[in-house]
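Asker:
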Amino acid sequence: MRAAGAAVLLCGGLVVLSPGTAWAIDGCQDEQNTAGSVDGRELAYESATSFGAQLDQARDAWNALGRIRVRRDDALTFADLKVSDVDRGSVTWSGLWSPSTGTDQIYLNKYYLRKYNENQRRGVISHELGHALRLGHVNDREALLHCSDARTAYTPQFHDKEMYRSIWEDKK
Amino acid sequence: MKLAINPKMTVGIGTTAVLMGAVAWFTLPYGTSYAHPTYAVSLSTAEQAAGWADDIFVATVKDQASVERTSDDLLWTTYDVDVKETLKGKVNSTVRVAQEGGDDPVARERVMVGDSPSLVPGKTYILATRVTSDGWHHAPSNFTPVELSAADAKSRMSEASGDPTLQDWKAALRHPAVQTNLQPSEAAAISDSSALYSKAQVD
Chain Y
4 MRAAGAAVLL CGGLVVLSPG TAWAIDGCQD EQNTAGSVDG RELAYESATS FGAQLDQARD
64 AWNALGRIRV RRDDALTFAD LKVSDVDRGS VTWSGLWSPS TGTDQIYLNK YYLRKYNENQ
124 RRGVISHELG HALRLGHVND REALLHCSDA RTAYTPQFHD KEMYRSIWED KK
Chain S
6 MKLAINPKMT VGIGTTAVLM GAVAWFTLPY GTSYAHPTYA VSLSTAEQAA GWADDIFVAT
66 VKDQASVERT SDDLLWTTYD VDVKETLKGK VNSTVRVAQE GGDDPVARER VMVGDSPSLV
126 PGKTYILATR VTSDGWHHAP SNFTPVELSA ADAKSRMSEA SGDPTLQDWK AALRHPAVQT
186 NLQPSEAAAI SDSSALYSKA QVD
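Chains as they are written, first to last, in the numbering used here: chain Y, 4 to 175; chain S, 6 to 208.
#1: Taking DSSP as the reference, what is the three-state secondary structure of residue 54/Y?
#2: Return the residues of the stretch 29-48 of chain S that lie within a Cβ-Cβ distance of less than 9 Å from chain Y, sorted by chain order.
#3: For residue 54/S, which residues of its own chain have a beta-carbon under 8 Å away from its beta-carbon, when the five flanking residues on both sides are left out?
#4: Could you tell me which residues DSSP puts in a beta bridge with residue 148/S?
#5: Rounded to the nearest angstrom, what separates residue 37/Y and residue 134/Y at their Cα positions?
#6: Can you name the start and end residues of the beta strand (DSSP E) that residue 92/S belongs to?
#7: At the 7 Å Cβ level, is residue 143/S part of the contact set with chain Y, yes or no?
#8: What do you get for residue 26/S, buried or exposed, if any count of 16 or more other CB atoms within 10 angstroms of its CB means buried?
#9: Taking the alpha-carbon positions, what's the residue 2/Y to residue 138/Y distance?
#10: Alpha helix (DSSP H) containing residue 165/Y: first to last residue?
#11: Tell me whether residue 143/S is buried or exposed, calling it buried when 16 or more other Cβ atoms sit within 10 Å of its Cβ.
#12: How is the alpha helix (DSSP H) around residue 124/Y delimited, first residue to last?
#13: Can the beta-carbon of residue 61/Y be found less than 7 Å from the beta-carbon of residue 132/Y?
#14: Once DSSP output is grouped into helix, strand and coil, what is the label at residue 42/Y?
#15: Does DSSP put residue 157/Y in a helix, in a strand, or in coil?
#16: Is there a C-beta anywhere in chain S that falls below 7 Å from the one on residue 86/Y?
#17: What does a CB cutoff of less than 8 Å around residue 72/Y pick up in its chain, not counting 5 residues either side in sequence?
#18: Give the interface partners of residue 186/S over in chain Y, defined as CB-CB distance under 7 Å, in chain order.
#19: According to DSSP, is residue 19/S helix, strand or coil?
#20: So what does residue 42/S bridge to, in DSSP terms?
#21: Leaving out five residues before and five after residue 199/S in sequence, what residues of the same chain have Cβ atoms less than 7 Å from its Cβ?
#22: Taking 7 Å as the CB-CB limit, is residue 77/S close to chain Y?
#23: For residue 11/S and residue 29/S, what's the separation of their Cα atoms in angstroms?
#24: Does any residue of chain Y have a CB that is nearer than 7 Å to the CB of residue 73/S?
#25: For residue 28/S, which three-state DSSP category applies?
#26: Would you verify that the beta carbon of residue 165/Y is, or is not, closer than 7 Å to some beta carbon of chain S?
#27: Per DSSP, which residues does residue 62/S bridge with? Please list them.
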């Protein structure tokens, strides 16, 4: 009886899952830390985005955690990160952090962001800055580092702060 | 003692050093970097893909065509694919399909975006794409191409056998999912998308 039940469940699962079995699972997985963009104790960024106000808010939210100083670059600084805009409806992401041998990049997709409210924009930018600070994705909708814009957080939450501290706590 | 500097020799040494450096750089093995997106739209089910895509089709990959950066600095790997069957949209014949990321020969970096595996020449897939003015059909980084085995591809040719994977997709096309952040594609936003499709065709 138990075996028959298991078989029914298994078959049911196959029926439900079959169209998507070859795909990535919906929702996020807990991932390893990223390589990040931090240089020493600082993350200097060049801003070429039209979402400057939300970038400033995102920077301030991370700076409030105190371990790494996130700041805009100046004439005497080599930027670790450049933040710029793209406008693409063929990609499904609203933001992308991309490491590089040179300056790392955050691309913000205006195609989605122009329809987002201020909080959602701030959430996307804060999320990508989180990657630049070495945080990986987490499977927690209440966390900023949730992999999709279905997240309910727009600033670092408990899970994000825990990760941040575990990465940067003992770094002198 | 006064050192005599021969300008021609200096230029020769400098040029040789630069050339050697360039040769050395282009023989370095590729490093791998992982880009991290935050997704506005999910493509985890056939219904979601049906709601998002301009075209859904069965295609066999012929060759990798290029690795290139678009003017917005994003990296793409493109493939020429033979369309075998169109389930949704107007795609047909041989077209160019692009995936995000790839091997950047200048930076000597393999850029991985999302979890979607790269297309493999010779294999047959179900693809969900949007056609773009870049001259290709784009399969996004959160859509995993559905590989059809050789047996699947063969049985697909027989109407009577009714390949179950294709049947699932055809059912999904009758019930496309609507998502909050879904917006019209480039093709849907213009009155005549034929120029986009022509540009993505391979001569």
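Cβ coordinates follow ideal geometry from the N, Cα and C atoms, glycine included.
Answerer: Looking at the coordinates:
#1: For the purposes of this step, residue 54/Y is taken as residue 51 along the first sequence, with counting starting at 1. The answer is coil: DSSP assigns residue 54/Y none of H, G, I, E or B.
#2: For the stretch 29-48 of chain S, the set of residues with a beta-carbon nearer than 9 Å to any beta-carbon of chain Y comprises 36, 38, 39, 40, 41, 42, 43, 44, 45, 46, 47 and 48, in chain order.
#3: To locate residue 54/S, count along the second sequence from 1; it is residue 49. Contacts found: 48, 61, 133, 148 and 177.
#4: Your numbering for residue 148/S matches position 143 in the second sequence. Answer by DSSP bridge pairing: none, since residue 148/S is not bridged.
#5: Walking along the first sequence from the start, residue 37/Y turns up at place 34. Walking along the first sequence from the start, residue 134/Y turns up at place 131. Spanning the two alpha carbons is a distance of roughly 6 Å.
#6: As a working note, residue 92/S is residue 87 in the second sequence. Residues 80-93.
#7: Residue mapping note: residue 143/S aligns to position 138 of the second sequence, counting from 1. Taking Cβ atoms only, chain Y reaches closer than 7 Å to residue 143/S, which makes this a yes.
#8: Looking up residue 26/S in the second sequence gives position 21. Exposed is the call here.
#9: Outside the modelled stretch of chain Y, which goes from 4 to 175, sits residue 2/Y, for which no answer is possible.
#10: Stepping through the first sequence from its first residue, residue 165/Y is reached at position 162. Per DSSP, residue 165/Y belongs to the alpha helix (DSSP H) from 161-171.
#11: Position 138 of the second sequence, counted from the start, is the residue given in the question as residue 143/S. The residue is buried, with at least 16 neighbouring Cβ atoms inside 10 Å.
#12: Residue 124/Y sits at position 121 when you count from the first residue of the first sequence. Judged by DSSP secondary structure, residue 124/Y falls within the alpha helix (DSSP H) whose first and last residues are 121-135.
#13: Numbered from its first residue, the first sequence carries residue 61/Y at position 58. Numbered from its first residue, the first sequence carries residue 132/Y at position 129. Against a cut-off of 7 Å, the Cβ pair of residue 132/Y and residue 61/Y comes out as a contact.
#14: Stepping through the first sequence from its first residue, residue 42/Y is reached at position 39. DSSP places residue 42/Y in strand when its eight states are reduced to three.
#15: Counted from its first residue, the first sequence places residue 157/Y at position 154. Coil.
#16: To locate residue 86/Y, count along the first sequence from 1; it is residue 83. Cβ-Cβ to chain S under 7 Å: no for residue 86/Y.
#17: Along the first sequence, read from residue 1 onward, the residue named residue 72/Y stands at position 69. Result list for residue 72/Y: 44, 45, 46 and 66, in chain order.
#18: Position 181 of the second sequence, counted from the start, is the residue given in the question as residue 186/S. Neighbours of residue 186/S on chain Y, chain order: 115 and 152.
#19: The sequence position of residue 19/S within the second sequence is 14, counting from 1. Residue 19/S falls in the helix class under three-state DSSP.
#20: Walking along the second sequence from the start, residue 42/S turns up at place 37. Under DSSP, residue 42/S forms a beta bridge with 99/Y.
#21: Against the second sequence, residue 199/S aligns to sequence position 194. None.
#22: As a position in the second sequence, residue 77/S is number 72, starting the count at 1. At least one chain Y Cβ lies under 7 Å of residue 77/S.
#23: Working through the second sequence from its first residue, we reach residue 11/S at position 6. Working through the second sequence from its first residue, we reach residue 29/S at position 24. If you take the alpha carbons of residue 11/S and residue 29/S, they lie about 27 Å apart.
#24: For the purposes of this step, residue 73/S is taken as the residue at position 68 of the second sequence. Answer no: the Cβ-Cβ gap between residue 73/S and chain Y never drops below 7 Å.
#25: Here residue 28/S refers to the residue found at position 23 of the second sequence. Looking at residue 28/S - three-state DSSP - the assignment turns out to be helix.
#26: As a working mapping, residue 165/Y is identified with position 162 in the first sequence. Cβ-Cβ to chain S under 7 Å: no for residue 165/Y.
#27: Residue 62/S sits at position 57 when you count from the first residue of the second sequence. Partner(s): 91/S and 132/S.
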